[in-house]
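If you read the protein sequences in the order shown, they are chains A and B. Our numbering numbers the first residue of the first sequence as 1 and each following residue consecutively. Our numbering numbers the first residue of the second sequence as 320 and each following residue consecutively. Each residue gets a CB set at the ideal place from its N, CA and C atoms; glycine is no exception. Quick notes on the structure that follows.
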Amino acid sequence: MKATLQPQKSRWRQTRKTLPVLSLAWLTLVVLISILTPALPLEPIDSVDPEQAISAPSIHHWFGTDVLGRDLFSRIIRGSRISLACALAGAATALLVGVAWGLIAGGGSRQRDNIMMRFVDLVDSIPLVFLVILVASVVRGSVIEESGGGLGVFFVILGFVYWTPMARVVRGETISLASREWALAATALGSSPQRILRKEILPNLVPTILVTLTLIIPRVLLFEAFLSFLGLGVQSPHVSWGTLARDAFEVLNPVNTAWWLVLYPSMVLAMSLLALNIIGDALRSDLDPKDATKYKAQGGRFSPSSLDRKRHGAHRPAN
Amino acid sequence: MTPFLVRRFASATFTIWAVFTLSFFIIRSAPGGPFDLEREPAPDIKAAIEARYDLDLPLWKQYVQQGWLWLTLDPGPSLRQPDHDVATILSQGFPVSVLLGGWALVTGILAGMALGILSAWRPGSWIDRSVVLFASLGISLPMYLIAGLLIMTFSFHWNLLPPAGWTSLASLVLPITCLALAPAAQVARLTRSGLLETSSEDFARTAKAKGRSPLSILILHCLRPASIPVASTLGPTAAALLTGSLVVEQIFAIPGIGMHFVQGAMNRDYPLVLGVVLLYTVLLQVLTLIGDLLIMWLDPRGSDMR
């Protein structure tokens with residue numbers, strides 16, 4: 001039995017190595033396409049062709065057309081631009097607020113740390129997602145949106161849901177790094193605490209921050225799709241992967257099932273989420289040697305697990 | 320125990336108050352009002368309507384008034400559906416939402432634990448790999464994709480289950496499956512890694528030395544400590560379920576309270592929105608408390624009553 005199991009195991013190990021590479025390739029493709037969107041020969045955003053409405057995938061329309069006869073392939077590419085922008089902007093908000101908060105809390109006095117982390121606890125106990133939905137529905141149709149800032153506000157509020165995990169992780173890591181010998185040595189050399197935080201600790205936090213980011217980005221991406229699906233997020237004429245799914249469900253009926261409208265936008269989103277999760281997991285086991293040995297001891301896994309709960313405390317999930 | 324409960328109760332009350340205050344001012348800072356119609360009514364008529372609902376008072380007075388109304392659990396009529404009390408609307412939708420969410424939570428946790436046990440029983444086997452794959456897919460697939468696939472196969476293609484509605488037992492199956500999938504994946508992952516961790520501890524080795532079978536060691540000895548992480552994510556999982564139920568209720572046309580939340584927020588139906596947010600918050604606080612009590616029961620060592 002053992003002998004037959006052996007080659008299978010090594011093939012599995014091979015898969016574990018190629019999966020992150022494939023994921024990276026997919027993400028690179030999506031990012032490249034969304035950067036190059038204006039240069040691509042896509043169907044114009046306002047072109048409507050009622051004669052082609054809801055036609056199945058064909059050579060002319062690779063992914064079929066929607067209820068107004070618009071080419072789904074073009075719309076998915078346009079959507080990827082907005083969806084990715086949302087994810088990046090949301091993650092950037094979480095990054096800035098979370099890292100600053102965690103660094104200031106972890107690098108200061110005990111008392112300051114206590115007060116700041118109590119605040120994080122408080123924020124975590126509030127169902128922020130619902131407040132964000134409220135804010136999103138309030139921003140809708142308001143002056144901010146009419147002046148073109150709606151999308152920008154939307155980007156930022158996405159990030160505010162996910163800054164607390166970042167703050168927790170950074171704060172914990174800052175405290176543990178600050179007690180290392182080299183930090184002590186820097187103090188002995190006369191560096192100010194601010195300088196140590198900026199020049200010594202912050203660079204060493206980069207791996208931790210990266211790993212946390214790979215957890216946050218898919219959440220923001222999914223949350224954007226969720227809000228847009230409810231009609232609270234991205235508004236027409238802008239398209240995102242979430243609004244495409246919303247449009248699909250509006251015309252879903254048993255007589256004439258437009259499966260391509262449901263399947264393709266969601267699959268693109270799902271593949272990107274899966275890719276991000278796989279990369280996050282690979283990064284985690286590479287950048288965190290302590291975790292890596294643990295994963296090996298568990299007999300090989302590529303599952304995107306959440307943050308190591310024992311070290312970073314409970315973690316707020318996405319929707 | 321009692322000081323812990325008192326402290327938890329105090330912090331829950333504070334959270335609920337904070338949520339009430341935040342949502343009150345967020346929704347009131349929104350432009351437009353509940354009585355904006357297509358055709359603008361005469362100013363004096365509009366003023367009369369607003370005076371009827373005390374919307375002409377200073378904001379802080381309305382805040383105090385609303386807070387008092389909610390304390391007495393009598394929030395008054397909905398602004399957009401004046402014939403219905405907010406309390407009536409919520410009490411009609413709430414059982415539906417609780418039934419949906421509760422079933423999804425229970426099936427999700429049970430299925431997840433079963434899968435976790437199976438995969439930790441034979442680590443590295445094909446069962447294990449499929450569970451791991453399911454776990455990563457379960458948190459990567461957007462809920463509406465799962466809903467769409469289920470509807471298209473089971474309702475449209477095979478005509479087995481109704482695609483929408485809330486009438487028969489059969490119409491519960493698809494929405495509950497949709498909602499339960501994500502928690503099942505999450506719980507399966509947590510259970511699996513928890514079991515693998517605890518099964519290498521001394522007590523598990525002792526049980527093995529006594530001749531217990533691997534499966535019974537996993538279930539009888541390791542499952543209890545391994546389910547602590549599951550209990551500690553009960554609150555967040557419930558929060559994710561509630562947000563997910565907004566989507567599921569919309570797709571499957573289920574008359575729960577999620578619909579009122581989205582609609583009410585867009586229509587500026589202030590008391591209705593506040594009601595839904597408060598209800599969600601209370602529910603989350605209760606579930607988080609249950610999770611904490613479960614942890615204390617599962618792990619009596621951690622009786623520091625955080």
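CB contact flag (residue i, residue j, <9 Å)
i, j, result
"Y463/B", "V262/A", "yes"
"I54/A", "N256/A", "yes"
"T552/B", "G610/B", "yes"
"T426/B", "L469/B", "no"
"S83/A", "E43/A", "no"
"L276/A", "T208/A", "no"
"P394/B", "G594/B", "yes"
"A504/B", "A454/B", "yes"
"L591/B", "A550/B", "no"
"I76/A", "L189/A", "no"
"V135/A", "I345/B", "yes"
"V415/B", "I576/B", "yes"
"V338/B", "V596/B", "yes"
"F413/B", "Y589/B", "no"
"L613/B", "A423/B", "no"
"G64/A", "A270/A", "no"
"L95/A", "G159/A", "yes"
"W163/A", "V97/A", "yes"
"R171/A", "M117/A", "yes"
"I335/B", "T600/B", "yes"
"V239/A", "M166/A", "no"
"A56/A", "F155/A", "no"
"R246/A", "L222/A", "no"
"A507/B", "L434/B", "yes"
Local conformation of residue i per DSSP, three classes
i, result
"T552/B", "coil"
"D402/B", "coil"
"P237/A", "coil"
"D363/B", "helix"
"R301/A", "Confidence at R301/A is low in this model, with a pLDDT of 39, below 50, so its placement is unreliable and the value that follows should be read with caution. DSSP places R301/A in coil when its eight states are reduced to three."
"L95/A", "helix"
"Y291/B", "With chain B running from 320 to 625 in the structure shown, residue 291/B is simply not present."
"R180/A", "coil"
"H60/A", "coil"
"G280/A", "helix"
"K529/B", "coil"
"L22/A", "helix"
"P442/B", "coil"
"G583/B", "helix"
"I536/B", "helix"
"V30/A", "helix"
"F571/B", "coil"
"V251/A", "coil"
"R171/A", "helix"
"I436/B", "helix"
"V48/A", "coil"
"T326/A", "Given a span of 1 to 319 for chain A in the structure shown, any question on residue 326/A remains unanswerable."
"A292/A", "Because the pLDDT at A292/A is just 42, under 50, the model does not fix this residue reliably, and the value given afterwards should be weighed accordingly. Reduced to three states, the DSSP call for A292/A is helix."
"P218/A", "helix"
Beta-carbon neighbours of residue i, restricted to chain C and to distances below 7 Å
i, result
"W101/A", "In the structure shown, chain C cannot be found, because the protein chains are A and B."
Residue i - partner residues in DSSP beta bridges
i, result
"P396/B", "D404/B"
"T65/A", "D71/A"
Supposed close pair residue i, residue j - CB separation, criterion 8 Å
i, j, result
"V120/A", "R168/A", "6 Å"
"L480/B", "L493/B", "6 Å"
"A439/B", "I570/B", "Between I570/B and A439/B the Cβ distance is about 34 Å, and since that is not below 8 Å, they are no contact."
"T510/B", "P544/B", "Between P544/B and T510/B the Cβ distance is about 11 Å, and since that is not below 8 Å, they are no contact."
"P573/B", "L419/B", "Contrary to the premise, residue 573/B reads as Ile rather than Pro in this sequence. Confirmed, about 6 Å."
"A91/A", "L213/A", "6 Å"
"G106/A", "P265/A", "41 Å between Cβ atoms; not a contact."
"V581/B", "L565/B", "6 Å"
"I278/A", "L103/A", "Actually they are not in contact, since the Cβ atoms of I278/A and L103/A sit about 29 Å apart, beyond 8 Å."
Give, in chain order, every residue of the stretch 124–136 of chain A whose Cβ lies closer than 8 Å to some Cβ of chain B. Within the stretch 124–136 of chain A, the residues whose Cβ lies closer than 8 Å to some Cβ of chain B are S125, I126, P127, V129, F130, L131, I133, L134, V135, listed in chain order.
Tell me which residues of the stretch 85–116 of chain A have at least one Cβ-Cβ distance to chain B shorter than 9 Å, keeping chain order. Per Cβ criterion, the list is empty.
Scan the stretch 268–279 of chain A for residues whose Cβ lies nearer than 8 Å to a Cβ of chain B and list them as they occur along the chain. Answer set for the stretch 268–279 of chain A: L269, A270, L273, L274, N277, I278.
Short of 8 Å Cβ to Cβ, which residues in the stretch 556–568 of chain B face chain A? Hits within the stretch, in order: T556, A558, A559, L561, T562, G563, L565, V566.
With 8 Å as the C-beta to C-beta threshold (strictly closer), list the residues of the stretch 217–235 of chain A near chain B in chain order. Answer set for the stretch 217–235 of chain A: P218, L222, A225, F226, F229, L230, G231, L232.
Chain-ordered residues of the stretch 157–169 of chain A with a beta carbon less than 7 Å from chain B: Contact residues of the stretch 157–169 of chain A toward chain B are absent (C-beta to C-beta distance below 7 Å).
Of the residues that make up the stretch 40–72 of chain A, which ones have a beta carbon closer than 7 Å to any beta carbon in chain B? Of all residues in the stretch 40–72 of chain A, none is placed with a Cβ closer than 7 Å to any Cβ belonging to chain B.
Could you run through the stretch 421–445 of chain B and flag, in chain order, every residue whose CB is less than 8 Å away from some CB of chain A? Taking 8 Å as the Cβ-Cβ cut-off against chain A, the residues of the stretch 421–445 of chain B that qualify are P442, G443.
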